[in-house]
Amino acid sequence: MTSILRWSLENSAPLDNAASDRPSAERKDLDPAIIDYILGKPDSVQMKEDLAVAVDPSKSEDERISALDHLEMLIENIDNSNDLETLKIWEPLHSLLTAESSTPEIITQTLWVIGTALQNNPSAQDAYLSYNPVRVILSFIDPSTASSASIRSKAIYSLSGLLKHNRPAVEALGTPEADGWSKLRTALQDPVISIRRKAVFLLSTLLIPELPPTTTASAPQTTLENSMSTLSLTTTTTDENPANPSIHLHDQRPAPTPGSGAIHPNSHAAYQHNPSRSDTSGLTLAALSDHNILDAIISGLTSPLPYGEDGENTEADDDFEEKAIR
Numbered sequence: 019m020t021s022i023l024r025w026s027l028e029n030s031a032p033l034d035n036a037a038s039d040r041p042s043a044e045r046k047d048l049d050p051a052i053i054d055y056i057l058g059k060p061d062s063v064q065m066k067e068d069l070a071v072a073v074d075p076s077k078s079e080d081e082r083i084s085a086l087d088h089l090e091m092l093i094e095n096i097d098n099s100n101d102l103e104t105l106k107i108w109e110p111l112h113s114l115l116t117a118e119s120s121t122p123e124i125i126t127q128t129l130w131v132i133g134t135a136l137q138n139n140p141s142a143q144d145a146y147l148s149y150n151p152v153r154v155i156l157s158f159i160d161p162s163t164a165s166s167a168s169i170r171s172k173a174i175y176s177l178s179g180l181l182k183h184n185r186p187a188v189e190a191l192g193t194p195e196a197d198g199w200s201k202l203r204t205a206l207q208d209p210v211i212s213i214r215r216k217a218v219f220l221l222s223t224l225l226i227p228e229l230p231p232t233t234t235a236s237a238p239q240t241t242l243e244n245s246m247s248t249l250s251l252t253t254t255t256t257d258e259n260p261a262n263p264s265i266h267l268h269d270q271r272p273a274p275t276p277g278s279g280a281i282h283p284n285s286h287a288a289y290q291h292n293p294s295r296s297d298t299s300g301l302t303l304a305a306l307s308d309h310n311i312l313d314a315i316i317s318g319l320t321s322p323l324p325y326g327e328d329g330e331n332t333e334a335d336d337d338f339e340e341k342a343i344r
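One rule links them: number in the numbering used here = place in the sequence shown (from 1) + 18.
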């Protein structure tokens, strides 16, 4: 047994040399396709791929609609909707509305994507407005054209996303070339009741806009830590009670000055650059009178047009009445 143990010790390599004597394994980089399969492609890559399919007339209608549907899901994320401009997607996406290869279903889905991207996103609103889209969107609202009810509905959806809290877009709506207020008045008499509801709700939103979320450029938020670090303590005694000194806290920080903070890039920075940007009520109030929109709303309440597939519904619509009265 002793001889066997001696032989094993003599013929074994030292532990510290074991790793160095062993040949190093060759490093192989992972295939990017495998990484994409495991982690999924970045949203930006998927968005560009969806657009490429959507604008490709050689693809089937179902393939193009499916790509737009997936794009719409991605841009529900506000960061992705902001990336539409960075990725140069806005222009080709908008061109789908007037492309000869775009079927009514593709136009409907495109309007849906646009409306979702614009919801509560001033940065996306400004980016899209630079392509002068108001007249194109308005062209789908008139029921006398060949547009389907689904197209008209999604057109108002995208128009609402563009106009909400966006005075420059409302100003574009009122230009003679766009004639947008007259088209909205026509939408109040659409044979499809759901479109009338959307139109009157849009007018209500523009007339009484909610205050948008804003951040002020004032002094940084005070915390216990930074407050204590900038306060100095002094003590004084009084003649009445010298044993109990009074403690005075002196804040050594300079008083904040208005407008001293920088405006950092974010989705709602437009409101800080132009606080009046969200004021749409004045323009809307004037349009109600100038374009006889108020008369159309009152007529919709007192003498509602029939609606339904065969115009069988002649009673007033409760939902329309609620939105109109509000």
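A virtual CB, placed ideally from N, CA and C, is assigned to each residue, including glycine.
Only a predicted model underlies this, so the values are computations on that prediction, with no experimental measurement involved.
Report the residue from the options whose alpha carbon sits nearest the alpha carbon of residue i.
i: residue 147; options: 126, 176, 328; result: 176
i: residue 190; options: 212, 179, 153; result: 153
i: residue 318; options: 97, 342, 93; result: 342
i: residue 82; options: 181, 96, 67, 93; result: 67
i: residue 137; options: 327, 96, 212, 156; result: 96
i: residue 157; options: 326, 116, 134, 221; result: 116
i: residue 193; options: 335, 344, 305, 104; result: 305
i: residue 141; options: 336, 180, 130, 160; result: 180
i: residue 74; options: 106, 118, 297; result: 118
i: residue 220; options: 56, 100, 340, 182; result: 182
i: residue 123; options: 105, 340, 170, 151; result: 170
i: residue 105; options: 139, 94, 63; result: 63
i: residue 197; options: 299, 344, 309, 223; result: 309
i: residue 163; options: 133, 204, 195; result: 204
i: residue 334; options: 322, 327, 328, 57; result: 322
i: residue 217; options: 340, 195, 332; result: 340
So, under 8 Å CB-CB, residue i and residue j are touching, yes? Tell me the CB distance rounded to an integer number of Å.
i: residue 79; j: residue 121; result: 6 Å
i: residue 206; j: residue 85; result: Wrong, their Cβ atoms sit about 34 Å apart, outside the cutoff.
i: residue 129; j: residue 173; result: 6 Å
i: residue 211; j: residue 338; result: 7 Å
i: residue 295; j: residue 185; result: 5 Å
i: residue 209; j: residue 161; result: 6 Å
i: residue 298; j: residue 224; result: 5 Å
i: residue 311; j: residue 199; result: 6 Å
Less than 8 Å between C-beta atoms, sequence neighbours within five positions excluded: which residues of the same chain meet that for residue i?
i: residue 149; result: 108, 109, 112
i: residue 330; result: 324
i: residue 24; result: none
i: residue 166; result: 122, 126
i: residue 201; result: 156, 159, 160
i: residue 65; result: 89, 92, 93, 98, 101, 102, 105, 107
i: residue 303; result: 225
How far does the alpha helix (DSSP H) with residue i in it extend, from its first residue to its last?
i: residue 175; result: 167 to 181
i: residue 348; result: With the chain covering only 19 through 344, there is no way to say anything about residue 348.
i: residue 186; result: 185 to 191
i: residue 213; result: 211 to 225
i: residue 336; result: 336 to 343
i: residue 110; result: 108 to 113
i: residue 204; result: 198 to 205
Closer than 6 Å by C-beta to residue i: which residues in its own chain qualify, once you throw out the five before and the five after it? Chain order, please.
i: residue 88; result: 68
i: residue 77; result: 71
i: residue 168; result: 126
i: residue 61; result: 92, 98
i: residue 131; result: 86, 89, 90
i: residue 301; result: 188
i: residue 327; result: none
i: residue 114; result: 120, 128
i: residue 332; result: 324
i: residue 133; result: 175, 176, 179
With a CB to CB cut of under 7 Å and the five nearest residues on each side skipped, what residues in its chain are close to residue i?
i: residue 135; result: 93, 99, 102, 142
i: residue 52; result: none
i: residue 344; result: 222
i: residue 336; result: none
i: residue 195; result: 153
Say whether chain C places a C-beta atom closer than 8 Å to the C-beta of residue i.
i: residue 147; result: Given the protein chain composition of this structure (a single chain), no chain C is represented.
Practice item. Go through the stretch 120 to 161 residue by residue and report every complete run of the alpha helix (DSSP H) that reaches 4 residues or more, in order. Key: 122 to 136, 140 to 147, 152 to 156
Point to revise | Any alpha helix (DSSP H) of 4 or more consecutive residues that is wholly inside the stretch 65 to 101 | key: 79 to 92
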